[in-house]
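Asker: Residue numbers (numbering that gives the first Met the number 0), protein chains in the order written: chain A, 0 to 333; chain B, 0 to 333.
Heads up, the beta-carbon is just placed ideally off N, CA and C, and yes, glycines get one too.
Below you'll find the structure I mean.
There are 2 protein chains.
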Amino acid sequence: MVTLKEVAKIAGVSTATVSRVVNDQAKVGKKCRERVKKIIEEVGYRPNFIAKSLADKSSNTIGIVTPNLSMSFFSSLACGSEHASRENGYSLVMRNSLYETRSELDAIKSLRDHNCQSIILHSEYSDEQMLIKLAKEIPGLVFINRFIPELAERCVWLDNQAASQTATQYLISKGHRDIAVITSVYQNRDPATRVQGVQVAMMQNSLKLKPNLIAESTANMEGGEQAVKALLSSKEKFTAIVAYNDLMAIGAIHALFDAGLNVPKDVSVLGFDDLDVSRACRPKLTTMHYPIEEMAAYATNLAVRLVNEPEKNFSNTHLFMANLVERDSVADLS
Amino acid sequence: MVTLKEVAKIAGVSTATVSRVVNDQAKVGKKCRERVKKIIEEVGYRPNFIAKSLADKSSNTIGIVTPNLSMSFFSSLACGSEHASRENGYSLVMRNSLYETRSELDAIKSLRDHNCQSIILHSEYSDEQMLIKLAKEIPGLVFINRFIPELAERCVWLDNQAASQTATQYLISKGHRDIAVITSVYQNRDPATRVQGVQVAMMQNSLKLKPNLIAESTANMEGGEQAVKALLSSKEKFTAIVAYNDLMAIGAIHALFDAGLNVPKDVSVLGFDDLDVSRACRPKLTTMHYPIEEMAAYATNLAVRLVNEPEKNFSNTHLFMANLVERDSVADLS
DNA sequence: CTGAAAGCGCTAACAG
DNA sequence: CTGTTAGCGCTTTCAG
């Protein structure tokens, strides 16, 4: 491996000079610069990033921790982040937080110990106090999909309530009055917030979300099936379901068909997230598009600016909105 | 940030000693070790991995490059790799290869320049000669889903032909005689190999794959739809389709239903990969399970052993098999 | 505009 | 068993 020092020797200049031309810094004599460049080319010199990191205390890597990278939502998140990282000249290192006990914390600490100052965290477990403490230590720690008031300028999140209001309002505009909700038992507050959203939207239309039209289960396909079964067995009438996410929505569709009901003819189903699967199922799912990839890219840029421009003050709000994408799972009753 | 040197000073020992207890190496006096440990604990010392890497030329990171992390198949791959990386004490850094021109190569080189010696590559574009050259330079470069004879000991791949033979044989055992294939125009040789697999299986049963029952398109849902439309317009009769992958299979199912045909009653559809979507569509997809997560973990372990035990000779074959998972998209005609 | 020199934080012979 | 001493490859004052 050819080093900077060797280049310097061959070129008959000092290492400082070579370093300068490599990072095209400052004033280096034009001819001198040319010569060094030529030699670098000839001998195929490539800078050693590790050494650079050590010398200038940079890290050139940004970290991302999500519960489980193999889930579509999180892989989109990672993808957005990878793209932004690369554009900023950083490497993206990732960790799943799911498989270990103190998983999230361990992941973050491990990242920090690898000198990466910018970390994108999709936190599910840790409590706010812990996170606040960590944030002090790690200047580039940003939170995605979690709002912590004390750390507002580090939080990139979605207006869940507005989103589910939009969704509900849409259903109502299509003539639905008896709306059911299938939601999830989840670590964070998203499910509750979304249920609130439908309640508010219904209230605004002088409607009411009936307690036995709320079914709770796990946030996946099986959960969706279970929830719908519960709904069905309650004998309460409903013409539409707003689901916590696409997976539950798809489970719901399955359960509905299995019960001899047609979607959307007999009951409409509205999803959340707009994962790829929402175009794979039949009928294709009408759903709220979660701009997770954009959010991840945004969060990544924020994370690098947070460490590179520490003096700067950043605007306090990084709030995104979901938007409705109409496909085939909602019927027009009007 | 407290350094090893400071710990040494406080403990009244040399940095070498501290280094030894940190890496619990060699023989250090028991009391001495205890004392140092206590101090490390007290002052909250944490080793600097960058410095360590520079000093001992290790890298503690392994790289992975796939075309597009947001695709289910690749995110499973990444996930398997992340898990294995972590177990080996490495960080996983990833790169998409899709967005740039000389994308793959750039990604690998960038990884290499960041001193990561172990790289898992899902190569789509690069030619063999280039790869062989790279392999010489990077001891831990392993290829996933690509077989390069000269680099057999670095290739972790799937027996595509056997897999599609299995698939076809299954269809035949279910009474299907008129089998169609929808395949993909793709960078690598997989599609062709899989088509061969069905041809062989059919031949073994004195059947023949009719040329106009082979439709080619892109390897996604839209491609599947298109391919089926082509098949349908050929007027050639068929009772089953083997698809290049799950996405095409699902597209096929859509197109079939749109044409008024029922799956599996009128025509059966068999997928490949066993992605999550295969359980989201209706009917649920019978498909060949591609053990990509296991393969990725295996490849990752191989990659680290390749650099850590260079003297060792590794067995030449890292060949995996796909297995059939029966769901609801294939009818029994017999 | 360019060079000398002192590190960044840690490891690894080599002595003792 | 423990300390001394060079570095790893690059950056960065500080002189000149």
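Going by other Cβ atoms of all chains shown within 10 Å of its Cβ, with 16 needed for buried, is B:Leu332 buried or exposed?
Answerer: Position 333 of the second sequence, counted from the first residue, corresponds to residue 332 of chain B. Result: exposed.
Asker: Note down, in chain order, all residues in the segment 122 to 155 of chain B with a beta-carbon under 9 Å from any beta-carbon belonging to chain A.
Answerer: Flagged: no residues at all.
Asker: Spatial neighbours of B:Ser163 within its chain, please: CB distance less than 7 Å, with the 5 preceding and 5 following residues excluded, ordered by chain position.
Answerer: For the purposes of this step, residue 163 of chain B is taken as residue 164 along the second sequence, with counting starting at 1. Here the set comprises Arg193, Gly196, Val197, Val241.
Asker: In whole angstroms, what separates the C-alpha of A:Lys264 from that of A:Glu149?
Answerer: What you label residue 264 of chain A is simply residue 265 of the first sequence in a count that begins at 1. What you label residue 149 of chain A is simply residue 150 of the first sequence in a count that begins at 1. Their backbone Cα atoms lie some 47 Å apart in a straight line.
Asker: On a Cα-Cα basis, can you pick out the residue from A:Thr217, A:Ala296, A:His175, A:Ser216 that is closest to A:Val155?
Answerer: Taking the first residue of the first sequence as 1, we reach residue 155 of chain A at position 156. Taking only the C-alpha atoms, the option nearest A:Val155 is A:Ala296.
Asker: Taking 8 Å as the cut-off, does the segment 232 to 248 of chain A touch the segment 259 to 277 of chain A (at least 3 CB pairs, one atom from each stretch)?
Answerer: The answer is yes - the segment 232 to 248 of chain A touches the segment 259 to 277 of chain A, with three or more Cβ pairs under 8 Å.
Asker: Output needed in chain order: residues of the segment 80 to 92 of chain B with a Cβ under 8 Å from some Cβ in chain A.
Answerer: Listed in sequence order: Glu81, His82, Arg85, Ser90, Leu91, Val92.
Asker: Please confirm if the segment 66 to 77 of chain A is in contact with the segment 287 to 294 of chain A, defined as three or more CB-CB distances below 8 Å between the two stretches.
Answerer: Counting Cβ pairs under 8 Å, three or more are found: they touch.
Asker: I want to verify the contact list: residues of chain A whose CB lies under 9 Å from the CB of B:Asn95, in sequence order.
Answerer: Position 96 of the second sequence holds residue 95 of chain B. Within chain A, the residues near B:Asn95 are Cys78, Glu81, His82, Arg85.
Asker: Residue range of the alpha helix (DSSP H) that B:Ile107 falls in?
Answerer: Looking up residue 107 of chain B in the second sequence gives position 108. Looking at the DSSP string, the run of the alpha helix (DSSP H) that includes B:Ile107 is 102 to 112.
Asker: For A:Ser125, collect the residues of the same chain with a Cβ closer than 7 Å to its Cβ; drop the 5 residues on either side in sequence, then sort them by chain order.
Answerer: Here residue 125 of chain A refers to the residue found at position 126 of the first sequence. So the qualifying residues of the chain are Glu103, Leu104.
Asker: Apply the 10 Å Cβ neighbour rule to A:Pro190 and answer buried if 16 or more other Cβ atoms are within range, or exposed otherwise.
Answerer: Position 191 of the first sequence holds residue 190 of chain A. With 16 or more other Cβ atoms within 10 Å, it is buried.
Asker: Which chain A residues sit within Cβ distance under 8 Å of B:Val276?
Answerer: Position 277 of the second sequence holds residue 276 of chain B. Ordered by position in chain A, the residues that pass the 8 Å Cβ test against B:Val276 are Asp275, Val276, Ala279.
Asker: Do B:Ala254 and B:Glu224 come within 8 Å of each other at the CB atom, strictly closer than that value?
Answerer: Along the second sequence, one-based indexing puts residue 224 of chain B at 225. Along the second sequence, one-based indexing puts residue 254 of chain B at 255. In this structure, B:Ala254 lies closer than 8 Å to B:Glu224 by Cβ.
Asker: State yes or no: is the C-beta of B:Gly88 within less than 8 Å of the C-beta of B:Ile118?
Answerer: For the purposes of this step, residue 88 of chain B is taken as the residue at position 89 of the second sequence. For the purposes of this step, residue 118 of chain B is taken as the residue at position 119 of the second sequence. No, these two residues do not count as a Cβ contact at 8 Å.
Asker: Note down, in chain order, every chain B residue with its Cβ under 8 Å from the Cβ of A:Ala50.
Answerer: Walking along the first sequence from the start, residue 50 of chain A turns up at place 51. Residues of chain B passing the Cβ test: Leu53.
Asker: Decide if A:Lys173 is buried, meaning its Cβ has at least 16 other Cβ atoms within 10 Å, or exposed.
Answerer: Taking the first residue of the first sequence as 1, we reach residue 173 of chain A at position 174. That one is buried.
Asker: Where do the N-terminal and C-terminal ends of the alpha helix (DSSP H) with B:Val306 fall, by residue?
Answerer: To locate residue 306 of chain B, count along the second sequence from 1; it is residue 307. Unbroken alpha helix (DSSP H) run through B:Val306: 291 to 307.
Asker: Could you tell me which chain A residues have their CB closer than 8 Å to the CB of B:Leu68, listed as they occur along the chain?
Answerer: Working through the second sequence from its first residue, we reach residue 68 of chain B at position 69. Residues of chain A passing the Cβ test: Ser74, Ala77, Cys78, Glu81.
Asker: Could you work out which residues of chain B lie near A:Asp189, taking near to mean beta carbons separated by less than 7 Å?
Answerer: To locate residue 189 of chain A, count along the first sequence from 1; it is residue 190. Simply none; closest approach about 21 Å.
Asker: Taking A:Glu81 as the reference, give the member of B:His82, B:Lys8, B:Ile63 with the closest Cα.
Answerer: As a working note, residue 81 of chain A is residue 82 in the first sequence. Closest by alpha carbon: B:Ile63.
Asker: 8 Å is my cut-off, CB to CB: does B:Arg101 come that close to chain A?
Answerer: Translated into the one-based positions of the second sequence, residue 101 of chain B becomes position 102. Taking Cβ atoms only, chain A never reaches closer than 8 Å to B:Arg101, which makes this a no.
Asker: Excluding the five sequence neighbours on either side, which residues of its own chain have a C-beta within less than 6 Å of the C-beta of B:Ser334, listed in chain order?
Answerer: With chain B covering only 0 through 333, there is no way to say anything about residue 334 of chain B.
Asker: Just to confirm the assignment, what range does the alpha helix (DSSP H) spanning A:Asp189 have?
Answerer: Against the first sequence, residue 189 of chain A aligns to sequence position 190. Residues 189 to 203.
Asker: Out of curiosity, what's the CA-to-CA distance linking A:Ala321 and A:Met287?
Answerer: Here residue 321 of chain A refers to the residue found at position 322 of the first sequence. Here residue 287 of chain A refers to the residue found at position 288 of the first sequence. Cα to Cα, the separation comes out at about 6 Å.
Asker: Is it the case that the segment 209 to 221 of chain A contacts the segment 46 to 61 of chain A, given that we only count it when at least three CB pairs across the two stretches are under 8 Å?
Answerer: Result no; under three Cβ-Cβ pairs closer than 8 Å.
Asker: If you draw a straight line from the C-alpha of B:Ile9 to the C-alpha of A:His121, how long is it?
Answerer: The residue given as residue 9 of chain B occupies position 10 in the second sequence. The residue given as residue 121 of chain A occupies position 122 in the first sequence. About 39 Å.
Asker: Assuming the contact rule is C-beta atoms closer than 8 Å, A:Val266 and A:Thr238 should be a hit. Round their C-beta distance to whole Å, please.
Answerer: By 1-based counting over the first sequence, the position of residue 266 of chain A is 267. By 1-based counting over the first sequence, the position of residue 238 of chain A is 239. Confirmed, about 6 Å.
Asker: Restricting to Cα atoms, I'd like to know which of B:Lys56, B:Phe256, B:Ile137 is closest to A:Pro282.
Answerer: Numbered from 1 along the first sequence, position 283 holds the residue referred to as residue 282 of chain A. Of the candidates B:Lys56, B:Phe256, B:Ile137, the one whose C-alpha sits nearest the C-alpha of A:Pro282 is B:Phe256.
Asker: Is B:Val227 near the ligand SAH, going by C-beta to nearest heavy atom under 7 Å?
Answerer: This structure lacks the ligand SAH; in fact it carries no ligand of any kind.
Asker: Beta-carbon within less than 6 Å of B:Ser183's beta-carbon, same chain only, minus the 5 sequence neighbours each way: which residues are those?
Answerer: As a position in the second sequence, residue 183 of chain B is number 184, starting the count at 1. Excluding positions up to five away in sequence, the list reads Pro190, Ala218, Tyr243.
Asker: Got a sec: is the Cβ-Cβ distance from B:His113 to anything in chain A below 8 Å?
Answerer: Translated into positions along the second sequence, residue 113 of chain B becomes position 114. Yes, B:His113 counts as interfacial toward chain A.
Asker: Can you look up B:Val17 in the DSSP assignment and give me helix, strand or coil?
Answerer: Numbered from 1 along the second sequence, position 18 holds the residue referred to as residue 17 of chain B. If DSSP states are grouped into helix, strand and coil, B:Val17 belongs with the helices.
Asker: Determine the direct distance from the alpha carbon of A:Cys31 to that of A:Thr14, and round the result to whole angstroms.
Answerer: Walking along the first sequence from the start, residue 14 of chain A turns up at place 15. Walking along the first sequence from the start, residue 31 of chain A turns up at place 32. C-alpha separation (whole angstroms): 13 Å.
Asker: B:Thr165 touches chain A at which residues, Cβ-Cβ below 9 Å?
Answerer: For the purposes of this step, residue 165 of chain B is taken as the residue at position 166 of the second sequence. Per Cβ cutoff of 9 Å: no residues; B:Thr165 is ~24 Å from chain A at best.
Asker: Exposed or buried, B:Met93, counting other C-beta atoms within 10 Å across all chains shown (16 or more means buried)?
Answerer: Here the question's residue 93 of chain B lines up with position 94 in the second sequence. It is buried - the Cβ of B:Met93 has at least 16 other Cβ atoms within 10 Å.
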